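Those sequence lines, one after another, are chains A and B.
The opening residue of the first sequence carries number 1 in this note's numbering; numbering runs sequentially from there.
The opening residue of the second sequence carries number 1001 in this note's numbering; numbering runs sequentially from there.
Cβ atoms here follow ideal geometry from the backbone N, Cα and C, with glycine treated the same way.
In this text, all values refer to a predicted model and were calculated from it rather than measured experimentally.
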Amino acid sequence: MLKIKNVSKSYSKGNIRAVDDISLDIRPGEIFGFLGPNGAGKTTTIKMIVGLLKPDDGTIAIDGVNVWEDPLRAKSMISYVPDNPEVYDRLKGIEYLNFIGDMYGIAKEERQRKLDHYLELFNIKDAVGDLIASYSHGMKQKLVLTSALLNNPKLFILDEPMVGLDPKSSFNLKEVMRNMCNEGKTVFFSTHVLEVAEKLCDRIAIINKGKIIAMGTMDELRSHAIDRKSLENIFLELTE
Amino acid sequence: MDKIISLIKTDFNTTYGLSSIAYSFKSKKNRWQIIVFGLAILSLLPTYFMIVKGLGAMYTVYSQIGQKSMFLLSGFLSSQILVFVFGLLYVMSKYYFSNDMGHLVPLPIKPSYIIGSKFVTLMISEYLTSLPIILPFIIIYGLKGGEGLLYWIYSLILIGFLPVIPLVLASILIMIFMKYTNIGGKKDLIRTISAVIFVAAMIYFQLKMQTIAQKSLMEGDNFLINLITDSNLLVKKLGMVFPPSQWATLSLVNSSNFSGLVSLLAFLLVAAISFTIMIILSESLFLDGLIGNIEMSASKGRARRINSRDLSRETRPYLALARKEIIMLVKTPVYLLNAVGGVIMIPIILIMSSVVSEDQSLRTVLEALSPNSGFLILGLAGFIVALGMLNSIGTTTFSREGKSLWIQRSLPIKVSDQIIGRLLSALFIQILGIIALLGSLAFIVRLGLLDLLLIIFLGLLGSIPMTQLGMLIDILRPMLDWDNPQKAMKQNLNVLIGMGLGTLYLGGIGFLTVRAVGKVNFYLIYSLLILVFVLSTIILFNILGKLIKKQFEILE
């Protein structure tokens, strides 16, 4: 579903290698967790997948479509939730949702059905008539989540999705992610919350200083580590 | 004291982005931008020199009637009034709509410290307004009159303190205004409408007062005798409109004797006193007007339920984009005042000023032209096309996205939808301007329906390449890293570059049109203009398409 091949990205004229020759192959129906300490290259990688940053080398393909050669087709298959949801403050929530719906060309009935469902699920139905400027961080996060789920993406990409969400919404989001996988969709997300990754993910990759230092199912990761108790131990050991 | 210096330093740095400019100048790709910027400035220079040359002639006229001091007064008066008018806008967005307020208010600092530091940065912005106006007046007067050393020293002091009084006035007015309009959920709308009415009323009274002053001056029996005996008569009479500009003028005119020093001290003293009053008032006024802006979230949950029709409105992408742009333009006070307000206010002010001041010249010109409506049509259409750049909608369309640009870049939006949607929003605002222009023009001259349609058609068609030109500049160097929408529009060099290139484009077409008038039929000229506009639109559309695609890939 998502194929990343030998992708690199440097900043400051090549002095800082944010992402260093990474390759990933993520299958349909899989929840993939992307772990790493601060500044490891998680957001840079995600931005390259969704078309916000151009890689220096390598290719990224979504369902066989090269993100940088046919961006429109690639983008219509994905939805992206950034770590810091900067959205149009001066629009009302509902205006923003309709705007996103229009950009994906989502039909009337479909849109109404999706909005009814997700606005209820994330408990923001009463707030969508307000200006986004009045939202808390968590509410903006929920609004962006709702907008990202409108187009029924084949590949759902989330950057630190649990930050700022209340426990109930966080639980609901995990359910949504699970259901998507059951339908054969793919979820790719970065997180600091190791517990979430441990419980939710089919496979996990750990990135450190731009390089992927470990990848596999929880069991596979355990088999490589000396202290095999929890993902936290494995993570600490690997990223030392 | 340390606190206030640190506040000023930080505010100065964030306002003018000194750290980030220093950072960006290191990169090679910025070099060509400096060249384009230089060209844009150069293209504005001829107009500026023409104005300065006209000022030289004005000096001669005043000095012939023995009232050359009036020349200086015109300079002080016009620069201080402009500082005041711009000050109203600057103060509003700097004191009340900048995002850093959310960080500053919880800190243990007095409101007067915040206002004081913001005031200092505003002073610097205001020099950009006042210097180009006042300098030619002072230099022409000083050189032609062979003034002494004291004249130049006084000038320097006066120039330095020139923005203080108008800016203090603007600050106090805005603080009172914000305190008492801080009501209800629709306060942005209330404020914007009252602001527009307020500025219109100000200009009206200003013009009215000038007319009254002029009339009373002319009506006196001894006017001519007084004119000869008192070489500062006009300054004393007309300077009453704004006394500080009178003191400034008198201090320069009398720089060689003691009364000049007295006037200078009066000017400085009033500046200092008014600044102190503003600082004292800010303690009781400022926070009351501000707090409501931060506590916006109070309305949360109380909003009306959304009906299902709102949930399922389906629109074509370019229309949805246009609608989003228009909502943002209308709902963000800074954009509303500058882009929408500008397009509506400029024509109304131009025409109303002639109606109110009973100045017959515009009417005479228009009436002389109207039998041969071709000139009028071309002139008015040209004016609308010029508004197409002056509204700064094209030149800031991507900059206004700011940190939300990721939305546009990660959505599957066709480049053509990007261009058409943004163009439509600009044209919508242009239509408001056209209504204002033709509506206020109806007070002076009657136009036939066919003429009106031609003006609207040519004006709108010409606005398309003008907006595209602006978009072209903006996509090449969008200003995305801002915390206050003011920066995206008022402190965006793209606006200035756009005006420069727009002047070249429209000036070129205007020049050719003027040469063609009289030699060929007007209808041929219209047809040729339509052809030029359509061709420019197509060419610019293609270039824009490629650039947007490329820039959306590499912008970070």
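| Asked | Found |
| --- | --- |
| Residues near residue 1250 of chain B in its chain [Cβ-Cβ closer than 6 Å; skip 5 each side] | 1263 |
| Chain-order list of residues whose beta-carbon lies under 7 Å from that of residue 141 of chain A (same chain, five-residue window excluded) | 85, 164 and 165 |
| Through-space distance from residue 1318 of chain B to residue 1420 of chain B, alpha-carbon basis | 6 Å |
| Straight-line gap, residue 1004 of chain B to residue 1113 of chain B (C-alpha atoms, nearest Å) | 6 Å |
| Contact belief for residue 5 of chain A with residue 19 of chain A at Cβ below 8 Å, rounded distance in angstroms | With a Cβ gap of about 13 Å, residue 5 of chain A and residue 19 of chain A do not count as contacting. |
| Chain-order list of residues whose beta-carbon lies under 8 Å from that of residue 1343 of chain B (same chain, five-residue window excluded) | 1387, 1390, 1391, 1429, 1430, 1432, 1433 and 1436 |
| Inter-residue Cα distance where the pair is residue 178 of chain A and residue 1385 of chain B | 55 Å |
| Own chain residues within Cβ distance below 8 Å of residue 1328 of chain B, not counting five before or after | 1335 and 1400 |
| Proximity of residue 53 of chain A and residue 106 of chain A at Cβ, strictly below 8 Å | no |
| Cβ neighbour criterion (16 or more within 10 Å) applied to residue 1050 of chain B | exposed |
| Chain A contacts from the stretch 1390-1416 of chain B (Cβ-Cβ distance under 8 Å) | 1402, 1403, 1404, 1406, 1407, 1409, 1410, 1411, 1412, 1413 and 1414 |
| Span of the beta strand (DSSP E) around residue 214 of chain A | 211-216 |
| Burial state of residue 40 of chain A (16 or more Cβ within 10 Å) | buried |
| Any C-beta of chain A under 8 Å from that of residue 1328 of chain B | yes |
| Whole-Å CB distance - residue 128 of chain A paired with residue 93 of chain A, under 8 Å assumed | 4 Å |
| Exposure label - residue 1256 of chain B; buried when at least 16 CB within 10 Å | exposed |
| Residue range of the unbroken alpha helix (DSSP H) whose run includes residue 1076 of chain B | 1069-1091 |
| Residue 67 of chain A at chain B interface by Cβ criterion, 8 Å | no |
| C-beta atoms of residue 1162 of chain B and residue 1130 of chain B nearer than 8 Å | yes |
| Buried/exposed call for residue 187 of chain A, threshold 16 Cβ in 10 Å | buried |
| Chain-ordered neighbours of residue 17 of chain A on chain B, where CB pairs are closer than 8 Å | The contacting residues do not exist; residue 17 of chain A stays about 16 Å from chain B at best. |
| Element boundaries [alpha helix (DSSP H), containing residue 1474 of chain B] | 1449-1476 |
| Buried versus exposed, by CB contacts within 10 Å (16 or more), residue 98 of chain A | buried |
| Best match in B/1013, B/1045 and B/1011 for proximity to residue 1496 of chain B [C-alpha to C-alpha] | B/1045 |
| Euclidean distance between Cα positions of residue 1095 of chain B and residue 65 of chain A | 49 Å |
| One or two residues paired with residue 208 of chain A in a DSSP bridge | A/211 |
| C-alpha gap between residue 223 of chain A and residue 36 of chain A, whole angstroms | 19 Å |
| Straight-line Cα distance separating residue 72 of chain A from residue 1414 of chain B | 7 Å |
| Cβ neighbour criterion (16 or more within 10 Å) applied to residue 217 of chain A | exposed |
| Cutoff 8 Å: residue 1332 of chain B Cβ touching any chain A Cβ | yes |
| Interface flag, residue 1324 of chain B vs chain A, CB-CB below 8 Å | yes |
| Residues that residue 1554 of chain B contacts on chain A, provided the C-beta gap is smaller than 8 Å | 54 |
| Collapsed DSSP secondary structure at residue 1014 of chain B in the structure displayed | helix |
| Close-in-space but distant-in-sequence residues of the same chain around residue 1134 of chain B (CB under 8 Å, 5 per side omitted) | 1075, 1076, 1079, 1159 and 1162 |
| Stretch pair the stretch 1521-1532 of chain B + the stretch 1483-1497 of chain B: three plus CB contacts closer than 8 Å | no |
| Nearest to residue 1522 of chain B (by Cα), restricted to the options B/1540, B/1451, B/1506 and B/1152 | B/1451 |
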